[in-house]
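A short worksheet on the structure shown next.
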Amino acid sequence: MKLGKTFLFSTVLAAGAGLAMGATDAHASETYTVEAGDTLSKISHKFAGNDSLVDAIAKANKISNVNMIFAGQELTIDSEGKAAPAAKQEEAAPAQAAEPVQETAAAQEATPAAPVQEATPVQEATPVQQTEAAPAASAATTSSAKEWIAQRESGGSYAATNGQYIGRYQLSASYLNGDYSEANQERVADQYVTSRYGSWEGAQAFWQANGWY
25 MKLGKTFLFS TVLAAGAGLA MGATDAHASE TYTVEAGDTL SKISHKFAGN
75 DSLVDAIAKA NKISNVNMIF AGQELTIDSE GKAAPAAKQE EAAPAQAAEP
125 VQETAAAQEA TPAAPVQEAT PVQEATPVQQ TEAAPAASAA TTSSAKEWIA
175 QRESGGSYAA TNGQYIGRYQ LSASYLNGDY SEANQERVAD QYVTSRYGSW
225 EGAQAFWQAN GWY
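Sequential numbering of the sequence shown, starting at 25, is according to this note's numbering.
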């Protein structure tokens with residue numbers, strides 16, 4: 025009988041030691057580094073297969089907002105929660121953990137988009153092109169009116185003479201002041217038309233009405 029009691033007592037001690045070691049393993053903690061796209065719900069699923077560790081992880085790591093974790097953050101995971109029943113937590117945790125991360129990602133994607141639209145002054149280039157084109161058209165019109173008068177007056181010849189009227193634009197010799205060069209004829213003709221009619225178009229209109237300018 026004494027031998028039987030001794031054997032039974034040894035068995036109980038061995039079993040107690042095993043339970044103590046199991047309890048130590050159950051309460052062992054692990055360090056986990058948060059990866060991009062992680063949520064507390066996803067991390068809980070990695071360790072416990074469900075959402076039962078969400079609150080425990082938040083409490084152990086002093087996370088006030090369960091929806092705000094960052095890539096590279098180190099979390100202490102108490103593996104005790106693996107064996108704990110998670111029926112009550114599964115009802116509330118999944119939606120809370122998943123949705124805010126999607127909203128945060130959507131906000132981050134939407135935020136850079138707004139400045140891009142504000143920073144494209146494409147329409148400002150249009151007036152510049154129109155401004156550059158206008159003088160060209162005006163110069164072409166002026167050149168056309170000037171050529172029209174030259175053809176009517178002298179057939180376009182710088183050497184044409186008609187009494188006191190000389191050259192391509194049939195200007196008075198007193199205007200040319202003895203210089204009958206082509207350059208002087210052009211320069212004096214421009215001065216004469218500008219001072220008298222304001223433009224070659226104005227001179228052309230006068231010529232059409234009166235037969236001279």
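Cβ atoms here follow ideal geometry from the backbone N, Cα and C, with glycine treated the same way.
Please read all numbers here as calculations on a predicted model, not as lab measurements.
Residue i - partner residues in DSSP beta bridges
i	result
glutamate 54	Ile101
serine 223	The partner list for serine 223 (beta bridge, DSSP) is empty, contrary to what the question assumes.
leucine 195	Ile190
Cα-Cα separation, residue i to residue j
i	j	result
glycine 191	alanine 184	5 Å
valine 198	asparagine 208	Inspection of the sequence shows that residue 198 is occupied by serine rather than by valine. The straight-line gap from Cα to Cα measures roughly 13 Å.
histidine 69	aspartate 75	6 Å
isoleucine 87	glutamate 59	16 Å
Exposed unless 16 or more other CB atoms sit within 10 angstroms - verdict on residue i
i	result
glutamate 54	exposed
alanine 119	Reliability fails at alanine 119, whose pLDDT of 38 lies under 50, so the model's placement of it is uncertain and the value that follows must be treated cautiously. Alanine 119 comes out exposed.
tryptophan 224	buried
glutamine 228	buried
alanine 233	exposed
alanine 164	exposed
serine 178	buried
glutamine 194	buried
As assigned by DSSP and simplified to three states, the class of residue i
i	result
asparagine 234	helix
glutamine 175	helix
tyrosine 189	strand
glutamate 251	Nothing about residue 251 can be reported from this structure: the residues present for the chain run from 25 to 237 only.
threonine 63	coil
phenylalanine 94	coil
lysine 70	helix
isoleucine 87	coil
alanine 213	helix
Closer than 7 Å: residue i CB and nearest the ligand FMN heavy atom
i	result
tyrosine 216	Of ligands this structure carries none, so the ligand FMN is not represented either.
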